[in-house]
Amino acid sequence: MDPARLLPMAALRDITCPTLWLVGREDPLVPVSAMQEAASLAPGSELAVVDHCGHSTYFERPEVFNHLVLDFIARRVAG
């Protein structure tokens, strides 16, 4: 990917839709701290950190991933 085409982190402040940030606690590619920063910039977003999991949360812990995503969606529909 061309670094010149990347958006700055500050652009996350412009997100206007509900956003769930999901990260595995042992993710070697995207550290939890980076996801915490992203979530703190995006208004109304949520961060979920999945224990005993690396980068592929959906594959490594599918039951946890599905529960978190479905709960997030259900709360948006209800609220």
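Residues 1 to 79 in the numbering used here are what the sequence shown spells out, letter by letter.
A virtual CB, placed ideally from N, CA and C, is assigned to each residue, including glycine.
Every alpha helix (DSSP H) of 4 residues or more that sits fully in the segment 26-64 is shown, in chain order, as 32-41, 57-60. Residue 22: member of the beta strand (DSSP E) spanning 20-24, first to last residue. Inclusion of residue 9 and residue 26 in the CB contact set at 8 Å is not warranted, their separation being larger than that value. For a cut-off of 8 Å, the C-beta gap from residue 50 to residue 70 is around 14 Å, too long to register as a contact. Exclusion of the five residues before and after residue 41 leaves 9, 10, 12, 13 as the residues of its chain whose Cβ lies within less than 8 Å of its Cβ.
For residue 8, the secondary structure class from DSSP, reduced to helix, strand or coil, is coil. By the C-beta density criterion, residue 65 is buried, having at least 16 other C-beta atoms within 10 angstroms.
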